[in-house]
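Contents: one structure, followed by commentary.
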Amino acid sequence: MAPLHSSSMSACSSPLLKDVIGDLDRHSYVALLTKLIGESEYVQNNPPKYKPKENRVARHVLDVLLPLSTTPNNGGGGGPLVVQHITNPKYPERGNVIAEYPGTGDGAVSFVGMHMDVVPVVNPKDWKFNPFSLSVDGDRLQGRGTTDCLGHVALVTELMKRLGETKPKLKNSIYAVFICNEENGEVTGIGVDMLAKEGYLDALKAGPLYWIDVADKQPCIGSGGMITWDLKAIGKQFHSGLPNKAINAMELNMEALKVIQTRFYSDVPPLPEEKKYKYATPSTMKPTQWTYPGGSVNQIPGECTISGDVRLTAFYSPTDIVKKLQAYVDDINANIEDLDTRGPVSKYVLPDEGLKGSVEITFDEEIIGGIACNLDSRGYQVLYEATKEVIGYVEPYADTGTLPLVRDLQDEGFDVQLTGYGINDVYHADNEYCLFSDMKQGFEVFVSIISKLEEDK
Numbered sequence: 001m002a003p004l005h006s007s008s009m010s011a012c013s014s015p016l017l018k019d020v021i022g023d024l025d026r027h028s029y030v031a032l033l034t035k036l037i038g039e040s041e042y043v044q045n046n047p048p049k050y051k052p053k054e055n056r057v058a059r060h061v062l063d064v065l066l067p068l069s070t071t072p073n074n075g076g077g078g079g080p081l082v083v084q085h086i087t088n089p090k091y092p093e094r095g096n097v098i099a100e101y102p103g104t105g106d107g108a109v110s111f112v113g114m115h116m117d118v119v120p121v122v123n124p125k126d127w128k129f130n131p132f133s134l135s136v137d138g139d140r141l142q143g144r145g146t147t148d149c150l151g152h153v154a155l156v157t158e159l160m161k162r163l164g165e166t167k168p169k170l171k172n173s174i175y176a177v178f179i180c181n182e183e184n185g186e187v188t189g190i191g192v193d194m195l196a197k198e199g200y201l202d203a204l205k206a207g208p209l210y211w212i213d214v215a216d217k218q219p220c221i222g223s224g225g226m227i228t229w230d231l232k233a234i235g236k237q238f239h240s241g242l243p244n245k246a247i248n249a250m251e252l253n254m255e256a257l258k259v260i261q262t263r264f265y266s267d268v269p270p271l272p273e274e275k276k277y278k279y280a281t282p283s284t285m286k287p288t289q290w291t292y293p294g295g296s297v298n299q300i301p302g303e304c305t306i307s308g309d310v311r312l313t314a315f316y317s318p319t320d321i322v323k324k325l326q327a328y329v330d331d332i333n334a335n336i337e338d339l340d341t342r343g344p345v346s347k348y349v350l351p352d353e354g355l356k357g358s359v360e361i362t363f364d365e366e367i368i369g370g371i372a373c374n375l376d377s378r379g380y381q382v383l384y385e386a387t388k389e390v391i392g393y394v395e396p397y398a399d400t401g402t403l404p405l406v407r408d409l410q411d412e413g414f415d416v417q418l419t420g421y422g423i424n425d426v427y428h429a430d431n432e433y434c435l436f437s438d439m440k441q442g443f444e445v446f447v448s449i450i451s452k453l454e455e456d457k
């Protein structure tokens with residue numbers, strides 16, 4: 001979607017700034033990305049099985065930026081970058097990095113959201129190449145994290161490195177914020193949420209904030225809210241040859257979930273605003289995991305849990321949806337006899353034993369709201385123009401992928417805009433890769449954004 005107000009600035013980025021900073025250096029980028037992907041096995045994030053150590057990635061970022069920083073006690077070389085490594089003391093192996101290239105004025109341009117954790121590799125044998133080692137196939141750079149999001153970590157590190165090396169005179173300060181703990185919300189208070197709460201991001205309000213963790217080289221103008229839930233069914237375990245004496249927790253849970261989903265889609269329909277923002281899907285609720293305590297195949301389970309998530313477009317309140325889901329479950333328990341059964345002896349009540357089956361729903365602590373970006377802001381206008389200039393076309397989109405804290409940042413007054421240069425088709429998928437040519441264009445877009453905002457009075 002085009003910005004409503006056309007720019008009075010030049011359609012091209014400043015030749016001086018572009019010439020000074022130059023293009024993304026392939027050799028330097030690939031060398032750094034090789035180190036980062038080599039750490040990907042150790043930054044998989046899905047506790048308790050996978051507990052990432054993002055400082056393994058952060059140390060490579062610091063190795064590049066500290067020699068160009070003003071922190072001599074930590075390997076700095078006298079400037080001009082200001083580099084901070086910020087870690088919650090409770091999680092000493094999980095840190096964040098903030099790098100600043102100081103400008104002469106009060107303005108700011110920030111690149112945020114490049115996270116140093118990755119989603120787990122379920123089975124490395126299903127990959128066509130080693131997921132934990134960068135492999136290069138022409139333009140393709142392959143490995144876990146190349147698209148999401150270590151490729152962006154390397155990209156923005158290279159940008160800050162070039163600023164530090166070339167030292168262009170800028171009015172606006174340029175910030176890069178590399179974060180931990182994006183891929184899983186079980187642990188809180190250590191990543192971008194901590195940085196915002198403790199004031200590390202306050203200076204970024206002086207200009208647009210570009211969240212660099214999406215794909216396909218286009219502005220993402222809307223993201224999704226997320227609620228993760230566990231639906232537990234409690235019945236009565238018994239021998240499968242005597243199903244009349246059991247309350248089958250699996251059947252109970254499946255039927256309960258069917259009711260909950262049906263009511264959800266009735267109460268949370270597609271909205272006209274979603275079409276304006278080009279959302280790929282409306283809001284959804286679906287199961288993704290199934291667990292039970294275990295037993296033999298001839299035992300009807302007395303307990304099981306279905307887990308899943310709700311993904312919401314930015315126009316629904318997650319807290320309101322939580323209340324609706326709880327109300328659905330309360331209604332099911334109050335009318336358990338009316339729930340559909342499966343077969344002539346399937347039941348959820350055993351009157352002779354005074355037993356009733358039940359379901360209970362719980363929600364993870366982290367409930368995230370979606371964002372609809374401000375399409376009238378200067379930040380979006382510049383992103384639109386820079387994308388058209390470098391990529392050749394602009395096709396904004398929205399989806400219900402979830403980004404932590406972006407809605408909170410927007411509510412606090414930040415001009416949050418979303419973009420990225422990975423491959424959408426391999427997000428969280430096997431055989432993940434990115435293209436160097438895409439990252440090179442991303443580098444050009446960043447330089448163009450900086451240049452255009454420098455032209456503002």
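All residue numbers for the sequence shown refer to full-length UniProt numbering, where the first residue is 1 and numbers rise by one.
Glycine included, every Cβ here is placed at the ideal spot set by N, Cα and C.
These figures come from a predicted structure and were not determined experimentally.
Which same chain residues end up closer than 6 Å to Val112 when comparing Cβ atoms and leaving out the 5 residues on each side of it in sequence? Val177, Leu209 and Trp211
Nearest neighbour of Lys125, chosen from Lys217, Ile449 and Asn431 [CA to CA]: Asn431
Determine the burial state of Gln299: buried for a count of at least 16 other Cβ atoms within 10 Å of its Cβ, exposed for fewer. exposed
Thr166 - containing alpha helix (DSSP H), residue span: Leu150 to Thr166
Would you list, in sequence order, the uninterrupted alpha helix (DSSP H) runs of no fewer than 4 residues that lie entirely inside the segment 256-320? 272-276
Cα-Cα separation between Leu383 and Pro293, rounded to whole angstroms: 51 Å
Considering only C-alpha positions, which residue in the set Leu435, Pro396, Tyr393 and Gly422 is nearest to Asp213? Gly422
Buried/exposed call for Trp290, threshold 16 Cβ in 10 Å: exposed
Supposed contact pair Ile21 and Thr166 - C-beta distance, whole angstroms, cut 8 Å: 6 Å
Within 7 Å, strictly: CB atoms of Met116 and Val57: yes
First through last residue of the beta strand (DSSP E) which encompasses Thr419: Val416 to Thr419
Quick one: what's got a C-beta closer than 6 Å to Gly225's C-beta in the same chain, skipping five residues either side? Leu312, Pro318, Ile368, Gly369 and Gly370
In whole angstroms, what separates the C-alpha of Glu353 from that of Ala327? 28 Å
Straight-line gap, Pro67 to Tyr91 (C-alpha atoms, nearest Å): 26 Å
Determine the DSSP secondary structure at Ala249, reduced to helix, strand or coil. helix
For the alpha helix (DSSP H) holding Ser28, just list the boundary residues, first then last. Arg26 to Ile37
For Arg342, the three-state DSSP class (helix, strand or coil): coil
For the candidate residues Ser266, Arg342 and Ile260, whose alpha-carbon lies nearest to that of Pro243? Arg342
Simplified DSSP state of Met1, which is helix, strand or coil: coil
Tell me which same chain residues have a C-beta within less than 8 Å of the C-beta of Ser8, skipping the five on either side of it? Here Ser8 scores only 36 on pLDDT, less than 50, and its place in the model should not be relied on; the value that follows carries that caveat. Excluding sequence neighbours, Ser8 sits near nothing in its chain.
Classify Ser223 as buried or exposed, calling it buried when 16 or more other Cβ atoms lie within 10 Å of its own Cβ. buried
Quick one: what does DSSP say Ala11 is sitting in, helix, strand or coil? Residue placement at Ala11 is poorly supported in this model, since its pLDDT is 38, which falls under 50; the coordinates are not used for a value here.
Can at least three beta-carbon pairs, one atom from the segment 132-151 and one from the segment 37-56, be found at a separation below 8 Å? yes
Where do the N-terminal and C-terminal ends of the alpha helix (DSSP H) with Gly354 fall, by residue? Unbroken run through Gly354: none, as it is neither H nor E.
Nearest-angstrom Cα distance between Ser6 and Gln381? Only weak support exists for where Ser6 lies, its pLDDT of 42 falling under 50; the coordinates are left without a value.
Residues near Lys286 in its chain [Cβ-Cβ closer than 8 Å; skip 5 each side]: Gln261, Gly308 and Asp309
Roughly how many angstroms separate the alpha carbons of Ile247 and Gly295, rounded to a whole number? 15 Å
Selection from Gly442, Tyr279 and Glu365 that minimises the alpha carbon distance to Ala386: Gly442
Evaluate contact between the segment 331-340 and the segment 267-286, counting only Cβ atoms and requiring at least three cross-stretch pairs below 8 Å. no
Who are Ser173's beta bridge partners in DSSP? Ala108
Taking Leu405 and Asp193 to be in contact with their CB atoms under 8 Å, please state how far apart those CB atoms are, rounded to whole angstroms. 6 Å
Own chain residues within Cβ distance below 8 Å of Glu454, not counting five before or after: Ser14, Leu17, Leu170, Lys171 and Asn172
Suppose you measure from the CA of Val136 to the CA of Gly143; what does that come to, to the nearest Å? 9 Å
Please go through the same chain and pick out, in chain order, the residues whose beta-carbon is closer than 6 Å to the beta-carbon of Ala233, but skip the five residues on each side of it. Ala249, Leu252, Asn253, Cys304 and Val359
Under the assumption that Ser28 contacts Glu158 (Cβ atoms under 8 Å), give the Cβ distance between them as a whole number of angstroms. 6 Å
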